[in-house]
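Notes to accompany the following structure.
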Amino acid sequence: MDKNKLEAKLADRKESLEKLRSQNKPSEDVATGPYANVELDEEIEQLELEINSLENKLKAL
1 MDKNKLEAKL ADRKESLEKL RSQNKPSEDV ATGPYANVEL DEEIEQLELE
51 INSLENKLKA L
């Protein structure tokens, strides 16, 4: 993967992460209970790992 594609993918993932974080409200604000945001938390964690991996690949170039 070339540097421009890596940078574009990284920017896209960071944007997605920010959108997810803005949707991830504390459980006390959610009427559906304390486990309502578990899936969002997992998706956020996955994106954070992917962003970290992309940043490392970019540094290695």
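Take 1 as the starting number for the sequence shown in our numbering and just add one per residue. Beta carbons: idealized from backbone N, C-alpha and C, even for Gly.
Could you check what DSSP says for residue i in three-state terms: helix, strand or coil?
i   : result
D12 : helix
N4  : helix
If you follow the alpha helix (DSSP H) that residue i is in, where does it begin and where does it stop?
i   : result
N52 : 38-60
Could you give the C-beta distance for residue i and residue j, rounded to a whole number, given that I count them as a contact under 8 Å?
i   : j   : result
L10 : L58 : 7 Å
L20 : I51 : With 8 Å as the limit, L20 and I51 do not qualify as a contact, their Cβ atoms being about 12 Å apart.
Measuring CB to CB, does residue i end up less than 8 Å from residue j?
i   : j   : result
L40 : N24 : yes
L61 : R13 : no
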